[in-house]
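In our numbering, the protein residues as written are -3 to 336. Structure first, commentary second.
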Amino acid sequence: MVAIDGSKFKAVNNRDRNYTSNKIVRRREQIETSINRYLVAMESADRLEPDIAEAKTSRLKDKIEMLKAQMAQLDEVEERLQATPDKQISLTDPDARSMATSGRGSGVVGYNVQTAVDTRHHLIIAHEVTNQGHDRFQLANMAKQAKATLGCSELSVVADRGYFSGDEILACDEAGITAFVPKIQTSNAKADGRFDKQDFIYDPVADEYQCPAGKRLIWRFSRVEARHNISRYWSSDCPRCAIKEKCTPGDYRRVSRWEHEAVLEAMQKRLDLKPDAMRIRRQTVEHPFGTLKAWMGSTHFLTKTIGRVSTEMSLHVLAYNLKRVMKIMGVGALMEAIQA
């Protein structure tokens, strides 16, 4: 089993040197406010003694000219920004991206480093540097890299709910990889105190659901939604149901089913039978990230662009794995293995 996780590492790019459309708007407002404040200060300076007024006015004019130059630079940056696919630009490291972190309202300009760590020895089996701010499309990629590195026929991977994606879990299943990823809790019905989809039991033989009231929700139609083949089910008994208010505010409770929903249901069953999976994940994958960041210091990466940053990260991972192996088997045994 390997645990997969991602962590944000700082790039050689100050947050003030990273721009989005919203940041440019806010910066323009700040500059305009400062210019207006300096103009008011210049009017006040005119009422002072001539020599003091001249010195103060000259200084304020210099500040206004500097702000106007910054405004012109923002116009240039905005023009370049419109040409980027993700509408974001970093001036020091062009590949670095602004990313949200776990702290509320906080973020870093940097890279999202993915790792796959084995749960037995805590060695980093595979890693990759990305500049995507989320982990949603990284599960299958990292799991396949880990499986290829280990050379095993079967592999189990555990990750947090940020990796939950039906397509990624299906790709793992097709590659012979057993995934343990909790589902994202976004049910409006459950939040409002009504029955959740999990309260509806699917019968694969009859291709129908049974609701909490014991009624049958039969297949009605299928259609493609966001490139997924989705089927819809509901019962004709909904308007006359005694517990309808606990189920739906509409006329009918409709249940959707992806054509590969069975893969997700099998994974949920595995999670139910292995309640310590998330604890194993935390104990496995978070320690290597903490160790690496402690070694790298507060600045993290020292190089620029994703190619050089990837090389820098590979050296850190190599050093980490060497120290782990020395701890596990000793320096002497490691040297003998290298020489052999």
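We put the beta carbon where it would ideally sit given N, CA and C, even for glycine. Computed from a prediction, not measured in an experiment: that's the story for all the values here.
Legend entry - Pairwise C-alpha distance: Asn184 and Lys211: 22 Å
Legend entry - Beta-carbon contacts of Pro178 that lie in its chain and below 8 Å, excluding the five residues immediately before and after: Asp156, Arg157, Phe160, Leu267 and Met274
Inset, instruction - Please name the residue or residues paired with Thr174 in a DSSP beta bridge. - result: Ser152
Legend entry - Glu164 burial status per 10 Å Cβ neighbour count (16 or more: buried): buried
Legend entry - Nearest-angstrom Cα separation, counted from Ala238 out to Asn137: 48 Å
Legend entry - Short Cβ contact (9 Å threshold) for Asn127 with Arg93: yes
Inset, instruction - Check whether the Cβ atoms of Asp89 and Thr307 lie closer than 9 Å to each other. - result: no
Legend entry - Proximity to Ala65 [Cα-Cα], best of Ile27, Trp291, Ala336 and Ile334: Ile27
Legend entry - Asp1 to Ala122 span [Cα, whole Å]: 11 Å
Inset, instruction - Compare the beta carbon distance of Phe176 and Val154 with 9 Å and say whether it is the shorter of the two. - result: yes
Legend entry - Alpha-carbon spacing of Met331 relative to Leu119, whole angstroms: 18 Å
Legend entry - Spatial distance of Ser354 from Phe191 (CA atoms): The first residue shown for the chain is -3 and the last is 336, placing residue 354 beyond what the model contains.
Inset, instruction - Please look up how many angstroms separate the CB atoms of Val109 and Ser3, rounded, as I've assumed it's under 8 Å. - result: 6 Å
Inset, instruction - Within the same chain, show all residues whose beta-carbon is closer than 8 Å to that of Pro235, passing over the 5 residues directly before and after it, in chain order. - result: Asp247 and Tyr248
Inset, instruction - Check whether the stretch 247 to 264 touches the stretch 193 to 210, counting contact only when three or more Cβ pairs, one atom from each stretch, lie closer than 8 Å. - result: yes
Legend entry - Simplified DSSP assignment, three categories, for Gly103: strand
Inset, instruction - Could you tell me whether the Cβ atoms of Glu282 and Tyr198 are closer together than 9 Å? - result: no
Inset, instruction - Please go through the stretch 250 to 335 and give each complete beta strand (DSSP E) segment of 3 or more residues, from N-terminal end onward. - result: 251 to 254
Inset, instruction - Return the chain-ordered list of same chain residues with a C-beta closer than 6 Å to the C-beta of Lys353, the five sequence neighbours on each side being excluded. - result: Given that the chain is displayed from residue -3 to residue 336, the structure contains no residue 353 and the question cannot be resolved.
Legend entry - Residues sharing a beta bridge with Val109, DSSP: Ser3 and Val125
Inset, instruction - Apply the 10 Å Cβ neighbour rule to Ile324 and answer buried if 16 or more other Cβ atoms are within range, or exposed otherwise. - result: exposed
Legend entry - Rounded C-alpha distance that separates Ile60 from Ala96: 34 Å
Inset, instruction - Would you mind working out which of Ser102, Gln264 and Gln84 sits nearest Thr16, comparing C-alpha positions? - result: Gln84
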